[in-house]
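Numbering (UniProt numbering), first residue to last: 5 to 511.
Written below as C-alpha cells is the structure these notes are about.
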Ligand code: XMP
C-alpha cells in the first residue's frame with residue numbers, strides 16, 4: 005500500500021483516486037500523523053497545500069524517517085517543502101504560476117519520465133517557487149516559466165515535482181504516477197474490485213463469526229453494496245431493515261423491496277409512512293423537518309432492531325470521503341471528521357458494535373465492487389436521494405396530498421430522463437413543489453394552482469454542481485405531460501442555478 009500525507013490541498017483526494025485507478029491501494033493521513041505502521045507502506049506521496057513553505061513552521065513535519073528510506077514523491081507544496089527540508093531555497097514567485105504549462109526540458113535517461121516526452125502538458129498551481137535546489141539534487145524537468153519543475157535527490161528514489169500530476173489537465177499525470185509507483189517503487193497492482201470482495205468477505209467472516217448484524221437499507225448505492233458484501237460473508241445472520249417514511253419516490257418502496265428480496269437479502273420492509281407524516285404535521289422549517297424525520301427514523305429503527313434477538317452489530321454504508329481526517333486551511337491539525345448528513349445521535353442500537361465494510365472506498369469504487377458482485381446496474385446507477393426524501397422538496401408544510409402531487413411529477417420527470425437516455429448523464433435530478441399558486445387557463449376555465457420546479461445537476465461529489473443543459477424539446481414534452489397529467493399543477497419551471505451560490509436542494 006501507499007501512504008499519502010495530506011497538507012490540505014483540494015487535490016489530495018484526487019491523488020488517492022488516481023493511485024487507486026492503477027489498482028494500487030493507498031491511504032490519506034494528515035501530514036502530522038504519520039501512521040505507526042509506516043513500515044508497511046511501500047511508497048509515500050506528499051500532497052500540495054494552500055499554504056506557503058515560508059509561512060508558519062506548523063506545516064513542517066520531520067521527513068527524516070521517510071526521505072531516503074522509501075520511495076518518495078512530493079507534489080507542489082510537498083516538493084517545495086522537500087526542497088526546503090533538504091537545504092534548498094523556496095521564495096515567492098515573481099509571476100504567479102497557475103494553469104497549463106508544457107515541459108520544455110526532460111532529463112531523458114530517467115525512468116521517472118518513461119513514455120513522457122518534451123512538450124507534455126502539466127498543470128501548475130502555486131505562488132511560491134523553488135529558487136535553488138538542494139545541493140544533492142538533480143534537475144530533471146523544466147517548463148518555460150518554472151526552471152525547477154522537477155528534481156530528484158541523487159542516490160535516492162526521492163522526487164519532487166512542482167506541478168500536479170493528479171489533475172487531469174496534466175496529460176501524462178497517470179503515466180508519471182505509474183512510473184513512480186510501479187517501475188521505481190515496485191508497488192504491486194493488485195487492488196481490484198474482486199480482490200477487495202474476497203479480502204472483505206474473509207475479514208468479515210472472521211470478525212463477525214456467528215454474530216447477528218442489523219443494517220438499515222436506504223435504497224441507495226452504499227447501503228445496498230454494504231448489504232451484499234455482508235450477505236456474502238454471513239448470509240442469514242444479516243438482518244436488513246428498509247423503512248418507508250412515506251417520502252420516497254412513487255412506488256419506490258415496493259419496487260426496491262422486491263429488488264432486495266431478489267438479491268437474496270434477508271430484508272424486512274417497515275411501512276411507517278403514517279408515523280412520519282404525523283411527526284411532520286404542520287412543520288415548515290427545513291431543519292425542524294430534518295430533525296422530526298431523523299428522530300422518527302431512530303424510533304422506528306430502534307423498535308425493529310430490538311425485535312432481532314441477540315443482535316451484536318450495526319452495519320453502516322460509510323465510505324472513505326466520510327472518514328478522511330481533514331487538514332484545516334490554517335495548517336493546524338484538525339480533529340474534525342466529516343459526519344454524514346444522516347448520522348445523527350443514535351440511541352440503543354448505537355450501543356452495538358459498528359461494522360463499516362465500505363469505509364476504504366470512494367464512491368466510484370463502491371459501484372465497481374457492486375458490479376463485480378453481479379448487482380443490478382439499476383441499483384448501482386441510482387441518483388443520490390436525500391434521507392429526508394420529498395419532505396425537503398415540498399417547500400412549506402407537508403400534507404399527503406402534496407406528497408402525492410410531487411411523487412407524480414417526479415415520476416414523469418425521472419421516467420422521461422430514462423427514456424431519453426439522459427438519466428445516466430445527470431448526477432441528480434428531482435422535482436420541487438413550490439409554495440406558490442399561479443393563475444392559468446385550462447379550456448375555458450381560469451385555474452389557480454400549484455407550481456413545480458424541475459432540477460437536474462452535474463456534479464462529482466455534490467459539493468459543487470452545475471445545472472444540466474437539458475434539450476428544450478425534452479423540457480417541453482415533460483412540462484406538457486406534467487401539466488396535463490398531474491391534477492393540481494398548472495405551471496412548470498426549470499432551475500438554472502449552480503452551486504455555489506445556490507444549493508442542489510431548495511431546503
Ligand atoms: P445541497 O442541497 O446541500 O445538497 O447542495 C448536497 C447533496 O446532499 C443531499 N442532501 C441531503 N442528504 N440528508 C441527506 O441524506 C439531508 O438532509 C440532505 N440535504 C441535502 C442532496 O440531495 C445533494 O445530493
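We treat Cβ as the ideally placed atom computed from N, Cα and C, and that holds for glycine.
Since the model is a prediction, treat every value here as computed from it, not as a measurement.
Between residue 508 and residue 461, the beta carbon gap of about 6 Å places them in contact (Cβ cut-off 8 Å). Placement of the Cβ of residue 503 at a distance of less than 8 Å from at least one heavy atom of ligand 1 is found. Counting only residues of its own chain and dropping the five nearest sequence neighbours on each side, residue 482 has a CB closer than 8 Å to the CB of 416, 417, 420, 458, 496. Cβ neighbours of residue 272 within its own chain (closer than 8 Å, five residues either side excluded): 243, 244, 245, 246, 308. By the criterion of a C-beta distance shorter than 6 Å, residue 13 is surrounded in its chain by 51, 52, 53, once the five residues flanking it on both sides are discounted. Secondary structure in the region 8-51: the beta strand (DSSP E) runs of 3 residues or longer, each lying completely within the stretch, are 30-34, 47-50 in chain order.
Here the C-alpha atom of residue 485 lies approximately 52 Å from the C-alpha atom of residue 11.
With 16 or more other Cβ atoms from the protein chains shown falling within 10 Å of its own Cβ, residue 369 counts as buried. Judged by beta-carbon spacing, residue 124 lies within the 9 Å limit of residue 106, meaning their Cβ atoms are closer than that value. Secondary structure note for residue 442: it is in no alpha helix (DSSP H), and the uninterrupted beta strand (DSSP E) holding it is 432-446. It is roughly 20 Å from the alpha-carbon of residue 476 to the alpha-carbon of residue 469.
With a threshold of 16 other beta carbon atoms within 10 Å, residue 227 meets it and is buried.
For residue 508, the three-state secondary structure derived from DSSP is coil.
Nearest neighbour of residue 63 by Cα position, chosen from 42, 37, 355, turns out to be 37. Within a 10 Å sphere around the beta-carbon of residue 86 sit 16 or more other beta-carbons, which makes this residue buried.
In the displayed model, residue 450 falls within a strand according to three-state DSSP. A distance criterion of 8 Å places the beta-carbon of residue 386 beyond contact range of ligand 1, judged by its closest non-hydrogen atom.
Following the DSSP letters along the chain, one finds residue 132 inside the beta strand (DSSP E) bounded by residues 125-136. The region 185-204 makes no contact with the region 212-225, as fewer than three CB pairs between them are under 8 Å. In this structure residue 58 is not in contact with residue 23, their Cβ atoms being roughly 29 Å apart against a cut-off of 8 Å. Inter-segment contact for the region 376-383 and the region 232-243 is present: three or more beta-carbon pairs are separated by less than 8 Å. When DSSP states are grouped into helix, strand and coil, residue 110 belongs to the strand group. With a 10 Å radius around the Cβ and a threshold of 16 neighbouring Cβ atoms, residue 148 comes out exposed. Contact between the region 401-409 and the region 353-371 is not established, with fewer than three Cβ pairs separated by less than 8 Å. Between residue 269 and the set 286, 239, 281, the nearest pair of CA atoms involves 239.
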